[in-house]
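To start, the structure itself, in structure tokens.
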Amino acid sequence: MTPKRTKWWLIAVGLAAVVAGLVFFTANRDGAVEGVARQGAKQAGSAPAGPIPEVAVMNVDRLYQIDPVPFKAAAVSAKAMVAQAEARLVQAKQNHDRVKPLLAEQAVSQKDVDDAVAEELAAKAALESAKGQLVKAQFDLDNTLIVAPISGLIERTRVYEGRLVSAQTDLLTIIHQVDPMYVTVSVPETVVLRRVRERAAKRVQGASVYELRGVITFVDGTTYPHEGKLDLLDVGLRTATGTRDVRVIFPNHERALLPGQFVKVRFLGAVRTGSILIPQRAVQQGPKGPVVYVVGEGDKVQARDVQASNWQGNQWLIEEGLHAGERVVVEGQQRIMPGAQVKPVPYDGVAKTSLNQGPGQGTEGADRRGLSGRQRGSDRRVSGAAHRSAASRYRQSPLLRLH
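Heads up: the sequence shown begins at 1097 in my numbering, then just goes up one per residue.
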């Protein structure tokens, strides 16, 4: 009895050629917006103790006026103390000058001369103390008029007319500086270590760290029109989070950035060499992470674990796991498994044309439909002139067919 023959079908899948080339290096990070002043604000609260008879208009430099009468009196009194100390010093010098020559004639004792010297030194010290009191009194008088230390947006006032405030204790209001604005982002330690290795291997070229530019994307997907520049890079990592903080400064003339806002920052300015980009649809999620199907010798499929880092448009940037010249499956992953033999069809346009051939020129039955109707357009192409050239050469090669 002749054994029953099993008929095997080759499954058509869309492939994309893996090429390596230059890409503009970008990195997306979450960040928080804060004002230029510490904690996003400047506290207006350095004032001597006294009642506030008036709260100034807040859209000018003059904010508060503390009753200056007692402070003017204190300043006048301090000036008088300085004048008295100066007079005592003059008298002490004159007394010293009189008794000093009398010692040679033994008209006075040595103790009288020593007392005159001590009196002169004490008068000098009293004068310095009086001058210090005058400086403090004048400082308190000047601070009775409180002005805005920075330009920005002011919060509601904490005090009102007639209230008694205490020196260095009462917070009067908070002023937020909103132009420019800082955006602080945290970079994980793994990313820091990877960038160090890439720099050492010269895989990343271009601008230095402080020449990188930042582009903000808001939570609704819109892009901030102004670019920022890197302003501060922490020396080390934060032990609590294992991250390194990076601060970027942005102009904020339109006041679109607000303190406390959460945004995404994309860093631009560096070029990465030897980069591998593949369509996002080629990357599947496996039990251990991202997986792609690679078509090797004999058109057999093998699953390959890869490390995907960032998106570049509609493509994944592959860190590890793929090499230039390999072929990855972009369409039809749901119908294949590792070790299966497939019919490779170039991805993007060519697959649709070749799979629409008549009967007898391709596969039969349901498999003949291949991926027609599910092929995508140019939004899935690998960017770059190098890929277009490689893809063009690949499309011109004859397609494998069933025999």
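Where is the CB? At the ideal position from N, CA and C, for every residue including glycine.
Asked: Checking the sheet assignment: what are the DSSP bridge partners for V1178?; Found: In the DSSP output, where bridge partners are listed per residue, V1178 has none listed.
Asked: Just mark G1458 as buried or exposed, buried being the case when its beta carbon has 16 or more other beta carbons within 10 Å.; Found: Here the model assigns G1458 a pLDDT of 33, short of 50, so the residue's position is not dependable, and the following value carries that caveat. Classification for G1458: buried.
Asked: Which runs of the beta strand (DSSP E) at least 3 residues long sit entirely within the region 1366 to 1396? Give them in chain order.; Found: 1380 to 1382, 1385 to 1391
Asked: Would L1237 be called buried (16 or more neighbouring beta carbons within 10 Å of its own) or exposed?; Found: buried
Asked: Which whole-angstrom value is the C-beta distance of R1299 and R1368, which I expect to be below 8 Å?; Found: 6 Å
Asked: So for P1321, helix, strand or coil by DSSP?; Found: coil
Asked: What first and last residue would you give for the beta strand (DSSP E) that runs through Q1408?; Found: 1403 to 1408
Asked: Looking at K1189 and L1230, is the spacing between their C-beta atoms short of 8 Å?; Found: no
Asked: Taking a contact to mean a Cβ-Cβ separation below 8 Å, would you say D1330 touches V1344 in this structure?; Found: no
Asked: When the Cα atoms are used, what is the spatial distance from H1349 to E1251?; Found: 19 Å
Asked: If you follow the alpha helix (DSSP H) that T1286 is part of, which residue opens it and which one closes it?; Found: 1285 to 1296
Asked: Take L1308 and list the residues in its own chain whose beta-carbon comes closer than 6 Å to its own, dropping the five residues that flank it on each side.; Found: L1326, F1363, G1365
Asked: Taking Q1161 as the reference, which of K1439, E1257, G1385 has the closest Cα?; Found: E1257
Asked: Let me check understanding here. Comparing Cα to Cα, which of D1210, N1406, V1438, G1409 lies closest to V1390?; Found: V1438
Asked: Which stretch, first to last residue, makes up the alpha helix (DSSP H) that contains E1422?; Found: Counting along the chain, E1422 falls outside any alpha helix (DSSP H), and DSSP gives it neither H nor E.
Asked: Out of H1272, E1182, Q1187, Q1357, state which residue places its alpha-carbon closest to the alpha-carbon of D1316.; Found: Q1357
Asked: Alpha carbon to alpha carbon, how far is P1284 from A1436? Give it in angstroms, no decimals.; Found: 39 Å
Asked: Within 10 Å of its beta-carbon, does G1332 have 16 or more other beta-carbons around it, so buried, or fewer, so exposed?; Found: exposed
Asked: Which residue comes first and which comes last in the beta strand (DSSP E) that contains V1331?; Found: Premise fails: V1331 is in no beta strand (DSSP E) and is neither H nor E.
Asked: Rounded to whole angstroms, what's the CA-CA distance from P1321 to R1351? Just pull it up for me.; Found: 12 Å
Asked: In three-state terms, what does DSSP make of S1282?; Found: strand
Asked: For the beta strand (DSSP E) that Q1161 lies in, which residues bound it at each end?; Found: 1158 to 1161
Asked: Do T1253 and L1268 have their beta-carbon atoms positioned less than 8 Å apart in this structure?; Found: yes
Asked: Quick one, are the C-beta atoms of H1192 and E1224 less than 8 Å apart?; Found: no
Asked: With DSSP as the reference, identify every bridge partner of M1433, one or two as the case may be.; Found: Note: M1433 sits in no beta bridge, so no partner.
Asked: Considering only the alpha carbon of each residue, which of V1426, V1274, L1241, D1208 lies closest to I1374?; Found: V1426
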